[in-house]
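Since the structure comes first, as structure tokens, the remarks are kept for the end.
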Amino acid sequence: MENAIEVTSLIKSYGKIEALKGISFNVRAGEIFGLIGPNGAGKTTSLRIISTLLQVTSGSVKVFDCDVSKKAPEIRKIISYLPEEAGAYKNLSGKGYLEFIAGFYSDKTMLKKGFEIAQLGDRIKDKVSTYSKGMTRKLLVARALMMSPKLAILDEPTSGLDVINSKGIREIIKDFVKSGTTILLSSHNMLEVEFLCDRIALINNGMIVETGTPQELKIKHNVNNIEEVFLKAIV
90 MENAIEVTSL IKSYGKIEAL KGISFNVRAG EIFGLIGPNG AGKTTSLRII
140 STLLQVTSGS VKVFDCDVSK KAPEIRKIIS YLPEEAGAYK NLSGKGYLEF
190 IAGFYSDKTM LKKGFEIAQL GDRIKDKVST YSKGMTRKLL VARALMMSPK
240 LAILDEPTSG LDVINSKGIR EIIKDFVKSG TTILLSSHNM LEVEFLCDRI
290 ALINNGMIVE TGTPQELKIK HNVNNIEEVF LKAIV
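Heads up: take any position in the sequence shown, counting from 1, add 89, and you land on our numbering.
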């Protein structure tokens with residue numbers, strides 16, 4: 090099976106601080122892969138390197154066989170990245186924001202898809218400044234997925250959403266995988282990770298400490314859920 094992402098002996102240093110200490114993992118094309126860990130573990134650094142926003146100190150990262158250090162422009166054409174702290178233009182309506190993003194592409198079906206993903210009803214016509222955190226997040230998820238990227242990198246995709254809307258977003262993510270999108274996600278919601286991800290890598294202190302399917306990791310640690318795996322593996 091083709092790898093969507095290949096991370097090999099990746100090191101990222103900020104001066105004397107080593108944020109990533111030689112991590113290696115791969116994400117297979119067509120799967121939902123979760124990168125989880127405590128705050129400050131190196132998750133966001135990893136996602137930013139894979140999305141071509143940060144430079145590699147040493148080691149290598151390939152996205153669909155393209156080296157992020159050498160072919161960043163090509164990679165940016167086929168990926169979408171939703172950071173946890175992402176925001177939308179508050180003076181635009183939700184509709185205007187998605188139209189603005191769609192203007193960078195030539196796919197005429199993209200905007201309709203964005204409206205369907207956002208699920209904001211008539212509120213799509215209102216200014217983003219009037220949206221709740223959850224509504225804004227739904228708009229941003231729509232922005233990230235409406236162009237049907239080959240790889241979508243989602244950092245806390247359901248942050249701020251209630252149970253019903255979170256479930257809706259998870260179903261949308263699953264549908265996009267069926268249509269050919271590979272998903273790399275990070276989430277503090279362990280229940281979400283367990284039920285959504287095909288495989289998981291657990292990172293702590295800049296090192297990968299566990300990799301496997303949710304079931305494999307639960308069996309290995311003799312626990313009932315991924316939250317317990319998480320707590321055992323980082324101690």
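Positions of the beta carbon are idealized from the N, C-alpha and C atoms, including for glycine.
Over what stretch of residues does the beta strand (DSSP E) that includes residue i continue unbroken?
i	result
ASN293	288-293
MET296	296-301
SER326	Any answer about residue 326 is impossible in this case: the structure gives the chain only from 90 up to 324.
TYR170	168-171
PHE114	106-117
ASP154	Looking at the DSSP string, ASP154 is not in any beta strand (DSSP E), and its letter there is neither H nor E.
ALA241	240-244
THR271	271-275
ILE125	121-125
Which word fits residue i, buried or exposed, when buried means at least 16 other C-beta atoms lie within 10 angstroms of its C-beta?
i	result
LYS33	This structure cannot settle anything about residue 33, because the visible part of the chain is limited to 90 through 324.
THR198	exposed
SER102	exposed
SER169	buried
PHE122	buried
PRO162	exposed
SER85	The structure shown does not extend to residue 85, since the chain is modelled only from 90 through 324, so no value can be given for it.
TYR178	exposed
ILE190	buried
TYR194	exposed
GLY210	exposed
GLY203	buried
Which value, in whole angstroms, describes the spacing of the CA atoms of residue i and residue j?
i	j	result
ARG288	GLU305	9 Å
LYS307	PHE319	10 Å
ILE106	THR133	15 Å
TYR220	ILE164	32 Å
LYS309	TYR186	46 Å
GLY148	ASN294	18 Å
GLY129	ALA322	16 Å
ARG212	LEU142	32 Å
GLU317	VAL282	13 Å
Determine the closest residue to residue i out of the options, with distance taken between C-alpha atoms.
i	options	result
ALA93	MET279, LYS105, VAL150 and GLU107	VAL150
SER158	VAL318, ILE139, PHE193 and MET224	ILE139
ALA108	VAL116, LEU124, PHE114 and GLY131	GLY131
ARG117	GLU299, GLU317, GLU205 and CYS286	CYS286
SER218	PRO238, LEU234, GLY176 and LYS321	GLY176
GLY104	THR146, GLY223 and PRO127	THR146
HIS277	PRO127, TYR186 and LEU240	PRO127
LYS201	LYS239, ARG232 and ARG226	ARG232
GLN208	MET224, TYR194 and GLU95	MET224
LEU171	GLY129, VAL230 and VAL298	VAL230
GLY119	GLY269, GLU283, GLY185 and ASN313	GLY269
ASN313	GLY148, MET279, ASN294 and ALA290	MET279
CYS155	ASN311, GLU91, GLU299 and LYS110	GLU91
Considering only the beta carbon of each residue, do residue i and residue j sit closer than 8 Å?
i	j	result
ASP264	MET236	no
SER255	LEU124	no
LEU228	GLY183	yes
PRO303	ILE292	no
GLU245	GLU188	no
ILE242	LEU136	yes
VAL266	ILE272	yes
LEU181	LYS214	no
SER113	ILE297	yes
LEU240	VAL152	yes
ILE253	LEU234	no
Which two residues bound the contiguous alpha helix (DSSP H) that contains residue i?
i	result
LEU320	315-322
SER255	252-267
ASP190	Residue identity differs from the one stated: residue 190 is Ile in this sequence, not Asp. Residues 183-191.
GLU283	279-285
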